[in-house]
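First comes the structure, then the notes that go with it.
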Amino acid sequence: MSNHKIKAILFDMDGVIVDSEPLHFEAHKKALAQFGIELTLEDYMKFGVSAGDEALYEKMSELFGVLINKSEISKIKKQFYREIFNEKGKMIPGVLEALRTFSKKYKLAVVSSGSMNAIEFVLEKLDIKNYFNLIVCGEDAKRAKPFPDLYLKAIELLSLEKESCVAIEDSETGIAAAKDAGIKCIAIPNEFTKNQDVSRADMILSSIKEVDEKIINEL
Numbered sequence: 010m011s012n013h014k015i016k017a018i019l020f021d022m023d024g025v026i027v028d029s030e031p032l033h034f035e036a037h038k039k040a041l042a043q044f045g046i047e048l049t050l051e052d053y054m055k056f057g058v059s060a061g062d063e064a065l066y067e068k069m070s071e072l073f074g075v076l077i078n079k080s081e082i083s084k085i086k087k088q089f090y091r092e093i094f095n096e097k098g099k100m101i102p103g104v105l106e107a108l109r110t111f112s113k114k115y116k117l118a119v120v121s122s123g124s125m126n127a128i129e130f131v132l133e134k135l136d137i138k139n140y141f142n143l144i145v146c147g148e149d150a151k152r153a154k155p156f157p158d159l160y161l162k163a164i165e166l167l168s169l170e171k172e173s174c175v176a177i178e179d180s181e182t183g184i185a186a187a188k189d190a191g192i193k194c195i196a197i198p199n200e201f202t203k204n205q206d207v208s209r210a211d212m213i214l215s216s217i218k219e220v221d222e223k224i225i226n227e228l
């Protein structure tokens, strides 16, 4: 048990707050198809999940020997993602209850490698933006996850010590980012990240519904 009282919970967004991986996959698949590239679920899980869009496009471009204009495809993908999210976007079960409960006791933040635009779009669409004291996005640091920069930025902006923060992540890269920033981390893997190595997390749970004050205080 830590002697530091936890004061803030830092949430990754994709795969933790919102069930977005299937939607990202669908959007990437549609966008890459415009360049004559067929993205399989297996390739997406291998190269796309948590590695970031840039890495995915580089890998697919390499595999298919097709040159991809990154800024063009990322615009196309964003457009597809918004359309798909408008139709199918939903919160992961248990998240709303968790936010309602935790916002009474802790500072809450979103720490995501995504763009501020993309994060705000999702939080506003789901009507949960008001639960968060802070949003830290990809533009807030030079390096995205798995580097610790975004988490270090969040601690700084919250004016807290790293020992009084806990991160909730679903992927190996997210866990690495939190742990390298010196933050305790709860891993909640999902369908897309279940084969990743999440062993660095301080605790591994199967659902956000399991996270309560007792668990947080035991970290």
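Add 9 to the 1-based position in the sequence shown for this note's numbering, that's all there is to it.
Think of the CB as a built atom: it goes at the ideal place given N, C-alpha and C, for glycine as much as any other residue.
If you reduce the DSSP assignment to three classes, tell me which class residue i lands in.
i: E96; result: helix
i: K113; result: coil
i: F20; result: strand
i: I164; result: helix
i: K193; result: strand
i: A176; result: strand
i: L228; result: coil
i: I144; result: strand
i: M10; result: Bear in mind that the predicted position of M10 carries a pLDDT of just 45, short of 50, making it unreliable; the figure below should be weighed with that in mind. Three-state result, M10: coil.
i: V9; result: Nothing in the structure corresponds to residue 9, since the chain is present only between 10 and 228.
i: A118; result: strand
i: I82; result: helix
i: V104; result: helix
i: I26; result: coil
i: S213; result: In the sequence on display, residue 213 carries Ile and not Ser. It is a strand residue.
i: K218; result: helix
i: E35; result: helix
i: R91; result: helix
i: G123; result: coil
i: K55; result: helix
Measure from the alpha carbon of residue i to the alpha carbon of each residue in the options, then state which is nearest.
i: K39; options: V175, D28, Y53; result: Y53
i: E154; options: K86, A186, I197; result: Note that residue 154 is Lys in the sequence shown, not Glu. The residue with the shortest Cα to Cα distance from K154 is A186.
i: S124; options: I101, F73, D62; result: D62
i: A42; options: F89, D23, L166, D21; result: F89
i: N126; options: K151, A64, E35, G147; result: G147
i: I46; options: C174, S70, Y140; result: S70
i: I164; options: Y140, R152, I144; result: I144
On the criterion of 16 or more Cβ atoms from any shown chain inside 10 Å, does residue i qualify as buried, or is it exposed?
i: L159; result: buried
i: S11; result: The predicted model places S11 with a pLDDT of 48, which falls under 50 and marks its position as unreliable, so this point remains unresolved.
i: K188; result: buried
i: L50; result: exposed
i: D21; result: buried
i: A176; result: buried
i: E96; result: exposed
i: E181; result: buried
i: D23; result: buried
i: L72; result: exposed
Are the C-beta atoms of residue i and some chain C residue less than 7 Å apart?
i: M54; result: As a matter of chain content, chain C is missing from the structure shown, which is built from one protein chain.
Report yes if the C-beta distance between residue i and residue j is below 7 Å; otherwise report no.
i: L19; j: V131; result: no
i: H13; j: K86; result: no
i: I213; j: I15; result: no
i: K79; j: Y66; result: yes
i: L228; j: D211; result: yes
i: V25; j: D179; result: yes
i: K171; j: G191; result: yes
i: L169; j: A17; result: yes
i: N142; j: K116; result: yes
i: F44; j: V75; result: yes
i: R152; j: I184; result: no
Please determine if the stretch 193–211 and the stretch 20–38 are in contact, where contact requires at least 3 C-beta pairs separated by less than 8 Å.
-> yes
Spell out a yes or no on whether the stretch 186–197 and the stretch 215–227 are touching, meaning 3 or more CB-CB pairs, one atom from each, closer than 8 Å.
-> yes
Touch check for the stretch 114–128 and the stretch 157–172: three-plus C-beta pairs under 8 Å?
-> yes
Are at least three pairs of beta-carbons, each pair with one atom in the stretch 133–143 and one in the stretch 97–105, less than 8 Å apart?
-> yes
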